[in-house]
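Heads up: take any position in the sequence shown, counting from 1, add 5, and you land on our numbering.
For each residue, glycine too, the CB sits at the ideal point set by N, CA and C.
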Amino acid sequence: MQKIRTAIVCLFFCASCASFKNPFLSRKSNKLDENQTFLTVDKTPFSVKDFLYVYNKNKNLRTPGKDAKKDIDQYLELYVNFRLKIREAEALQYHEKETFRKELEQYQKELAEPFLTANEFTNEKVKEAYERYRQEVHASHILVRHSTDSAKNLQKIRSVLEKARQGEDFGDLAYRFSEDPSAKTNKGDLGFFSIMRMVQEFEEKAFTTPVGQISEPFQTKFGYHIIKVHEKIPARGRIQIAHILVGADSRRASQEETAEAFDKAMRIHNALKDGADWSEQCRLFSDHKPTVDKDGLLPEFSPGQMHPDFEAAAFALSKENPYSEPVQSAIGWHILKFVQKKPVAEFKEIENRLKSHVRFNLGKTLHQEELVQRLKSRYNFVGAEGGVPAAIWEQNLTHNDSLPVAAAPLFYIGKKAYTTNDFKEFAGRQKPLSDQEWKAQGSKLYQQFVKEQLLAYEKENLALVNDDYKYLSQEYHDGILLFQLMQDKVWNFANQDTVGLENFLKAHQDNYQWPDRVKVQMYSSENPELYKHMKHCLEEKDLAKDSRKQLECLQKKLPDLSVREGVFNHNDSIFNQRVAMNPGEYSYQKNARHYYVKVKEALKARPQELKEIRGTLVADYQDHIEKEWLQELRKKYEVKVNQRVLKALYREYENNKK
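What follows is the structure, given as structure tokens:
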């Protein structure tokens, strides 16, 4: 699955599976024919609908300006490049490879399942899903994992349920009996969550169990669960925060080290409340390296994605209350800063995502009998309802192969007839039945045959009746081809072509230069006697040769000490104008903090070497190879754009923006 996901991300079809709703074609006055040819690549036509499907699906990935023509032209360029690559993959017969056919068949099989339901049922469930999306549930659970003895597992979870209903504390029971490893630290408390955070069966129970009640045991792929619902509140939307981490790994840090980390975090918090600069505090003190250079900024999140205590502190923040007190996690203490909140999305904004969610789960929740009846109605099923037709009773097709069997029609799906021979072949693949078993189970076997043929017919015709499936299936087809083609022609080639990399670096050396830089050790503290303590600890004879002891000495005298080392240029914000680009010692004061900077070595400007920047250089070389390759493809395959349709798209785009 990773391969196809990577492929779809690598092209520009990386939005989530979405229902195709074309705003250009929704107006009553629309004169644009969605089926007319818009683009031709090597004599292969692509319709307006083909283009607009991907254009609209990926609109959230673009930042369109006021110029409609420019926005459409830029995306059309991407679309043409994509179609050229797929044409080249076909010319090289990538689609004829056995590995491709097997991979595509598997993905199409998985992809089809969510679509094998009725649209009206889906729409009903989507509305229900949105109502749940507007809620958050606070719940705890107890899990008994699957084992070979299913009956014993069910008995165990029922026994725990009985204890809970007799008044024993649910959290204590989770700590003692739950086989979810996290229960030892959270007592089964999952905090608040909304839909699309849990597996479908768990979500269903959480949203249907009344507040204060405990559910009946239910099963998921993990095992048997019971849920206690503590609270249901209106959904809080999404939030984005920044953080400063004072590291203290809960698995390794002693109580004393944890307490020291908390004290340090409180000092940072108090400094921020007194007006200290967030960026500076983050740069000086945060131990979370991935976000230090981003002012501690984290991706936005919604309830259910973070540790409950972390989330509670985050959602309590606002513009008026921007900083949290230290919040503990498994890796230390966090000070959080409010960045922005986003309200719960309107239905139209999230409709496609909800449809994907519902379709994925419908196959699990829609009763099989209901599904069969819907498919019979959809495809004009004609045949015996209920029991087995007389032709099958009279000739025991599963038991006596010597009996002559006429290929008599048993039923029709659409215009396709299914005969006694078809049923005999199906029955022959099942477990052989005795005469007695046949009388008892023959009807059930026939109904299973009918259901399988209905589902098979639905799958065969899915692309004809469902645009969503048609386009998504095509995306998987193209994505697999493109992934392998890009691997061979660009990604792997660039990474392995050492000579080409060296030549590319030589040709573009002006773009890969180190400026004047220095190796620096920087110390800072609010204590105005920083320099005095630095000189004492760094020059003391007993400490002179032991950097660890020097640091311990400094930390005792300066509890808020920040130490940073690295290679910097003069444009880095860590520098002050008083610091020269020459070896030496420098001290200065900034924003109520005192700094001592030791420039250990000056590094003169010079060209960057391949071994120093290989990752960056490979990425640039890949872009270079791809651009040249696309130029070759444009010469190899003729591309024609229907200019009349293109102008109509410009007009429609402008009309829909108004």
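(1) Check this for me: beta carbons of residue 619 and residue 531, under 9 Å apart or not?
(2) Residue 359 and residue 99 look like a contact to me (Cβ under 8 Å); what is the Cβ gap, rounded to whole Å?
(3) Write down the C-beta distance between residue 182 and residue 147 rounded to the nearest angstrom, noting that I regard them as a contact closer than 8 Å.
(4) When we look at the beta-carbon of residue 218 and count the other beta-carbons within 10 Å, is it buried (16 or more) or exposed?
(5) Any idea if residue 266 is buried or exposed, counting beta-carbon neighbours within 10 angstroms, 16 or more meaning buried?
(6) Is it buried or exposed for residue 34, if we count other Cβ within 10 angstroms and need 16 for buried?
(7) To test your reading of the DSSP string, which unbroken alpha helix (DSSP H) runs of 4 or more residues are found completely within the segment 431 to 490?
(8) Provide the residue span of the beta strand (DSSP E) that contains residue 645, from first to last.
(9) If you draw a straight line from the C-alpha of residue 77 to the C-alpha of residue 220, how long is it?
(10) In the DSSP assignment, what are the bridge partners of residue 324?
(11) Please confirm whether residue 435 and residue 415 have their CB atoms less than 9 Å apart.
(12) If you drop the 5 nearest sequence neighbours on each side, which residues of the same chain put their C-beta closer than 7 Å to that of residue 134?
(13) Just curious, the alpha helix (DSSP H) that residue 191 is in, first and last residue?
(14) Please report the residue range of the alpha helix (DSSP H) in which residue 620 lies.
(15) Counting C-beta neighbours from all protein chains within 10 Å, is the total for residue 31 16 or more, i.e. buried, or is it exposed?
(16) Rank 380, 528, 477 and 492 by C-alpha distance to the C-alpha of residue 457 and give the top, closest one.
(17) Can you grab the Cα-Cα spacing for the pair residue 653 / residue 659, in whole Å?
(18) Looking only at its own chain, which residues have a Cβ that is under 6 Å from the Cβ of residue 300, when we skip the five neighbours before and after it?
(19) Could you give the uninterrupted runs of the beta strand (DSSP E) lying entirely in the segment 496 to 552, keeping only those of 3 residues or more?
(20) Which residue or residues does DSSP assign as beta-bridge partners of residue 338?
(21) Skipping 5 residues on each side, what residues in its chain have a beta carbon closer than 8 Å to that of residue 73?
(22) Leaving out five residues on either side along the sequence, give the residues of the same chain with a beta carbon under 8 Å from the beta carbon of residue 116.
(23) Cβ atoms of residue 590 and residue 604: under 9 Å apart, would you say?
(24) Use the C-beta contact count for residue 405: other C-beta atoms within 10 angstroms, 16 or more gives buried, fewer gives exposed.
(25) For residue 89, which of helix, strand or coil comes out of DSSP?
(26) On the three-pair Cβ rule with 8 Å, is the segment 639 to 650 touching the segment 35 to 47?
(27) Classify residue 323: buried if its beta carbon has 16 or more other beta carbons within 10 angstroms, exposed otherwise.
(28) Going straight from the alpha carbon of residue 156 to that of residue 229, what length do you get?
(29) With 16 as the cutoff for other CB atoms within 10 Å, does residue 596 come out buried or exposed?
(30) With a threshold of 8 Å on Cβ separation, who are the neighbours of residue 184 within its own chain once the five nearest residues in sequence on each side are excluded?
(31) Please say whether residue 249 and residue 270 have beta carbons closer to each other than 9 Å?
(32) Quick check: the segment 491 to 510 against the segment 622 to 630, are there 3 or more CB pairs under 8 Å?
(33) Closest to residue 452 by CA distance: which of 522, 514, 540 and 376 is it?
(34) Leaving out the 5 sequence neighbours to the left and right, which residues in its chain are closer than 8 Å to residue 643 when beta-carbon positions are compared?
The answer reads as follows:
(1) No, the pair does not count as a contact, with Cβ atoms beyond the cut-off.
(2) Incorrect: roughly 35 Å between the Cβ atoms, too far for contact.
(3) Beta-carbon to beta-carbon, residue 182 and residue 147 are separated by about 6 Å, close enough to satisfy the 8 Å threshold.
(4) Residue burial is scored here from C-beta neighbours: residue 218 has fewer than 16 other C-beta atoms within 10 angstroms and is therefore classed as exposed.
(5) Here residue 266 is buried: its Cβ has 16 or more other Cβ atoms, across all protein chains shown, within 10 Å.
(6) Bear in mind that the predicted position of residue 34 carries a pLDDT of just 40, short of 50, making it unreliable; the figure below should be weighed with that in mind. Label assigned to residue 34: exposed.
(7) Assignment of alpha helix (DSSP H) within the segment 431 to 490, counting only whole runs of 4 or more residues, yields 440 to 470 in chain order.
(8) Its beta strand (DSSP E) spans residues 644 to 646.
(9) Straight-line Cα distance between these residues: approximately 52 Å.
(10) In DSSP, residue 324 forms no bridge with anything.
(11) When the beta-carbon positions are compared, residue 435 and residue 415 stay at least 9 Å from each other.
(12) Annotation for residue 134: 200, 359, 362 and 363 place their beta carbon closer than 7 Å to its own, counting only its chain and skipping 5 residues before and after.
(13) For residue 191, the enclosing alpha helix (DSSP H) has its first and last residue at 188 to 191.
(14) Start and end: 619 to 641.
(15) Model confidence at residue 31 stands at a pLDDT of 38, short of 50, so the residue's coordinates are unreliable; what they give is reported in the following sentence. It is exposed - the Cβ of residue 31 has fewer than 16 other Cβ atoms within 10 Å.
(16) Minimum Cα distance to residue 457 is reached at 380.
(17) Their backbone Cα atoms lie some 10 Å apart in a straight line.
(18) The residues are 247, 284 and 287.
(19) Assignment of beta strand (DSSP E) within the segment 496 to 552, counting only whole runs of 3 or more residues, yields 522 to 530 in chain order.
(20) Paired residues: 251 and 333.
(21) Shown here for residue 73: same chain residues with a beta carbon closer than 8 Å to its own, the five before and five after excluded, namely 655, 658, 659 and 662 in chain order.
(22) 474, 477, 478 and 481, listed in sequence order.
(23) A Cβ-Cβ contact shorter than 9 Å links residue 604 with residue 590.
(24) Residue confidence for residue 405 is low, a pLDDT of 48 falling below 50, so the modelled location carries little weight; the figure read from the coordinates is stated next. That one is exposed.
(25) The DSSP-derived three-state label of residue 89 is helix.
(26) With a cut-off of 8 Å on Cβ pairs, the segment 639 to 650 is in contact with the segment 35 to 47, counting three or more such pairs.
(27) Exposed: under 16 other Cβ atoms inside 10 Å.
(28) Approximately 11 Å between the Cα atoms of the pair.
(29) When all chains shown are included, residue 596 counts as exposed.
(30) Answer for residue 184: 148, 149, 150 and 228, listed in chain order.
(31) In this structure, residue 270 lies near residue 249, with their beta-carbon atoms less than 9 Å apart.
(32) Yes, they touch.
(33) Minimum Cα-Cα distance from residue 452 among the listed residues 522, 514, 540 and 376 corresponds to 376.
(34) Around residue 643, the same chain offers 45, 46, 47 and 48 as residues with beta carbons nearer than 8 Å, after the five sequence neighbours per side are excluded.
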